[in-house]
Amino acid sequence: MTALLRPDGTATPSRSTTEKVIHDFYSDLFDSHVHLPPRHLQQDGYVVPSVLPSEIRHAISSVKKRT
1 MTALLRPDGT
11 ATPSRSTTEK
21 VIHDFYSDLF
31 DSHVHLPPRH
41 LQQDGYVVPS
51 VLPSEIRHAI
61 SSVKKRT
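In structure tokens, the structure reads:
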């Protein structure tokens with residue numbers, strides 16, 4: 001039987017313990033421990049021009065033709 005090692009170095013004796021070790025590992029891996037400060041964007045008065053749906057369709061079709 002394959003066993004996983006716990007963070008303290010001991011082997012997991014059962015399936016349920018192995019599942020808990022795996023759950024804890026991935027929870028810690030994907031949990032955000034880094035707290036970033038909020039990002040403040042400068043307001044420079046730039047207005048994003050509107051884009052027509054036909055322009056988007058044209059851009060997508062021209063990219064598809066090149067591949």
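Position 55 (the sequence shown) corresponds to 55 in UniProt numbering; numbering is contiguous. Even for Gly, the Cβ is constructed at its ideal location relative to N, Cα and C. Computed from a predicted model, the values in this text were never measured in an experiment.
How about residue i and residue j: do their beta carbons lie closer than 7 Å?
| i | j | result |
| --- | --- | --- |
| T18 | L29 | no |
| T10 | V21 | no |
On the DSSP bridge assignment, give the partners of residue i in chain order.
| i | result |
| --- | --- |
| A59 | None, per the DSSP bridge assignment. |
| A11 | L5 |
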